Structure formats: C-alpha cells, structure tokens
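Here is the structure we will look at, set down as structure tokens.
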Amino acid sequence: MDNSGFTLDINGTKAIVKYRRYRLIHNKIFVGFTALWIAITLLCIFSILELGVHYVLVTFFLCFMSYSLPCWLWCGYVDRRNRKIGESIVFPILDKKLNVLADKYPSICTVLKRKIINEPVEKSKDEPADETVIVAYKNGDICEYPLKYKRMEDHDNVMVRELSLNSYVCYDERKIAKAKGWIPSLSLHAKLNLVSALFLAISLAVVLPFFHYVTTAEGSKNFPWLLLKGLVILAISSAISAALSKHQRTKRLSVIFALPLSIVFFLLNMGMPIMTIFVDLIVIIVSTALPTMTIMLFLTKVLDFEIANSTMLFVTLVISSYLSVYSPSYIKGVINLVPFVNHTEGSKGKESIADFMRYVYDSNLVNFLINCAYVLLFGIVCLKKYQGMGPLINTAIDDAIMNAFVVFLALEGVKSSYRKIRLRSGAFLDKLLRIICEGEKINNA
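Residue numbers (the numbering used here): 2 to 446.
Below, the structure is given as structure tokens:
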C-alpha cells in the first residue's frame, strides 16, 4: 500500500479506508525541540538559581509558555494534516455517489458543504474515536455517513476505517449545530463581489493618503512644489529611457529609468475606480442639491423671504435624498451630460470610465447608502446628546439632519403604501360617474 488508499467491498455498501497518519510523537523535529527546550530550561534555571526562588519560578513559567505555545500550534497542525489526508480519501468516494444524486435531483441533492467530525468517545481512550461525514444539501437537509474506526496496522502508523455508503438523516443537535455553524460555500456572485471589493479597497488605499495629505495645511502648501519636482523627475527619467532604448546594448537599462513613470501610471490606474465613484457622487449631490439651494437663495435674496439656515439644510437634505433615490432617469441624464461621459472621442479608456460611471449609479444602492449615512449621523447625535457632550455641529443643524431623516423615511413609507393601493383608475372613475348620474336622477325625480 502507498501512503494512502482505499478498497470497496463486494456489495458496495461500505468502503474500507486506509491511510498513513502523520504522527506527532515520532517526528524528529518534535523530539529535537523537546530536548532543546529541556536543555535551555535547565541552563536558565541553574544560571539564576542564586537570585532566589521568585526568579526561578518566573523563568520556569516563561520557559513553560515558550514550550507550550509551539506544542499547541504543532498539535493543531498535525490534527489538521491528518484530517486533510482523511478528507482527500473519503470525499472522492462519496462524490461518486453524491454527483449521481445531484444530476438526478439538482434542486434537492446539490451538496453545499461536507465535513468530517468526531463522534462522542465511548470506547477506550487508547483507541481513536469514530468519525462521521456530515453532508449539508441545498434544500436544508443534513445527512451523515458513519466513518467507524476498525484497527491500526503497520506498527500503529496506518489507520483503517470503515465508511458506510448508506446515508442517514442527522437528528443529533450537536452535529446539526456544527453543520449550521460552517462558513457557507461562496457562490460565483459572492466571489465576484469579494474581488470587486478588494479592487475598490486597493483603489481607496491609493487615493485616500493623497487626498489626506493635500487637505492638510502643510500638504496644500508643499503640493505644487512636489508636483513640479515629480513632473521634472518623470520627464528626465522618460527622456533618458527613450534615449537608452534606441541602442541594443542599453535597452535593458532603459527599463530602470522607465520605472518611475510605470509606477505613476500603475497608481493612477488603481486609483481610477474610486476617483470615478467620487465624481459620480459629486454629480449626484450637485444635480440634486444645487437646484434646491438655487431656489432657496432666490427666495431669500430676491423675494426677501426669511429662511433660516437650518431650514435650508432641512429642505435640501429631504429633496436631494428623494431625487437621488426616486428620480433615477433624471440622475442618469445628468451623468450623461458630463463631458468625458458624453464625449469619449473613441478612446477606450474614456469609454470604460463613462460606462463605469453609468453602471455604478443604482437607486437601490444610493438608498442604502443614504440610510446608512443618516443612521450613522443619527446615532452620533443621540449618543453625544445623552452623554451630555453637546451637539455634533450645533443644535439647529443637528435637529435639521435628524428631522430630514424622519421625513425621508416617511416619504419612503408613503411611496411604498401608494404602490399597495389596488384601486384602478378606470373602475374608480366609472363608479364615481355612476354616483353622480344616479344623484342627478334622484334630484330630477
């Protein structure tokens, strides 16, 4: 037999699984580490024996911890490795049967997760515990395939277990709890979302330090000079790279001088997604808040209406939130008016940015972000108020933000309840006209 293998009996209802275990006690690294620890511990204790019992106890405790932690990690590694060896043999055997069932009944027998767990120990402590393969299906059922311990072979190096190919519905609450506690299998949609989130996080990590530096007093003062120096360095390095690339002998050296420009382009490309989202956000804010603020300023400056600043903020927040969520055609029309969205000039880079800006805007996503922002501000304002720490900005503005959130939620409720109205306009008008006509007949009579 090789390091691992299996055989099936004649009736096909069970499989005899044999695999060579990774042993902990016979590993030379573990024995050498233990011997080295004993020698170092004795040396440390004898060297500080004259300082007193307290120092000896502290030294022994530190040495014990330095030994226990690596041993604990090593034992966990050995257990995981042995479990992986067992899974690499057992799972392919079960997959042959499970794949057949999944092909016949895909909506019921599609496997979400499999895991080998230990059964409660009922035998002697010298013998390994029985195991069970727990299989969770797509419809929520959980079945188990017993994997019983049989014997040890080859001087206790080879584990022999018997795998039952007949499944049983799992009723054990402990096993069901373990099955429900697994991390669910990620679908392709979830994996793509994780990859997208990773790219956006990298893009944010590239852009955020730059904006943070520029917005500081020192950064805003030194940025023009740093930008000028950077452009000079890039121009010089690019010129040297272009000159060296013309000759065959110095062509490889030109790559080194082209490296600064490559790094700049890489950072710009990585930061482009988050900058595009920022531009989209600015377009949404300007297109919804600017008309409202223009009307409010016209009323106050031209028609001499007295409107408080908190009132202007309240009205602007309510109308802007409503328009950005419930007027998607208006927002998309404004996005299409952005110059580098409307005029791509056949450039693939501009077309990709324009397509990204159009796709990123989603009314449901904007609704979610607005609710998150309102909840965050609402929570901060309430916490500061109840802790006696004063207002977040000032009392009037804090009240305007909180009341705008309440009105926005009320508008969402009005819109959702309006959609549930089942009165048909034609039938309603018909019945209304009947009442009027019948009323006229009664009056004439």
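Backbone N, C-alpha and C define an ideal beta-carbon position, used for all residues, glycine too. Just so you know, these numbers come straight off a predicted model, no measurement behind them.
Can you tell me which of Leu74, Ile402 and Tyr138 puts its alpha carbon nearest to the alpha carbon of methionine 313?
Ile402 is the residue among Leu74, Ile402 and Tyr138 whose C-alpha sits nearest the C-alpha of methionine 313.
Once DSSP output is grouped into helix, strand and coil, what is the label at cysteine 144?
The answer is strand: DSSP assigns cysteine 144 an E or B state.
Under 8 angstroms, with one C-beta from each stretch per pair, do the segment 284–302 and the segment 318–332 reach the 3-pair mark?
Flag = yes, the segment 284–302 and the segment 318–332 touch.
If you compare alpha carbons, which of Asn310, Arg250 and Thr277 is closest to glycine 350?
Closest by alpha carbon: Thr277.
I need the straight-line Cα distance from alanine 243 to serine 255, nearest angstrom please.
Approximately 7 angstroms between the Cα atoms of the pair.
Proximal residues to proline 392 (C-beta, below 8 angstroms), its chain only, five neighbours per side dropped:
Contacts found: Val382, Lys385, Lys386, Ile398 and Asp399.
At a Cβ threshold of 7 angstroms, is proline 129 touching chain D?
Here there is only one protein chain, and chain D is not present.
Classify arginine 152 as buried or exposed, calling it buried when 16 or more other Cβ atoms lie within 10 Å of its own Cβ.
Arginine 152 sits exposed, since fewer than 16 C-beta atoms from the chains shown fall within 10 Å of its C-beta.
Using the C-alpha atoms, what's the distance from serine 239 back to proline 274?
If I take the Cα positions, the gap works out to 26 angstroms.
Based on the DSSP secondary-structure assignment, which residues constitute the bridge partners of alanine 137?
Paired residues: Lys114 and Ile143.
Using only alpha-carbon positions, find the residue among Thr42, Ser89, Ile49 and Lys85 that is nearest to serine 67.
Just measuring C-alpha positions, the residue of Thr42, Ser89, Ile49 and Lys85 sitting nearest serine 67 is Thr42.
Give me the Cβ distance between lysine 15 and glutamate 163, rounded to the nearest whole Å; I'm assuming they're in contact under 8 angstroms.
Confirmed, about 6 angstroms.
Comparing C-alpha positions only, which one of Phe258, Phe212, Leu235 and Val233 sits nearest to phenylalanine 279?
The option with the nearest alpha carbon to phenylalanine 279 is Phe212.
Helix, strand or coil for glycine 6, going by three-state DSSP, please let me know.
Any reading at glycine 6 must be qualified, since the residue scores a pLDDT of 46, below 50, and its modelled position is unreliable; the value itself is stated next. In the three-state scheme derived from DSSP, where H, G and I count as helix and E and B as strand, glycine 6 is classed as strand.
In whole angstroms, what is the alpha-carbon distance linking arginine 435 and serine 325?
If you draw a straight line from the Cα of arginine 435 to the Cα of serine 325, it is about 42 angstroms long.
Identify whether tyrosine 20 lies in helix, strand or coil by the three-state DSSP scheme.
If DSSP states are grouped into helix, strand and coil, tyrosine 20 belongs with the strands.
I need the boundaries of the beta strand (DSSP E) containing valine 161, first residue and last residue.
Residues 159–165.
Could you pull out every residue in the same chain whose Cβ sits closer than 7 angstroms to the Cβ of valine 233, ignoring the five residues on either side in sequence?
In its chain, beyond the 5 residues on either side, no residue has a beta carbon closer than 7 angstroms to the beta carbon of valine 233.
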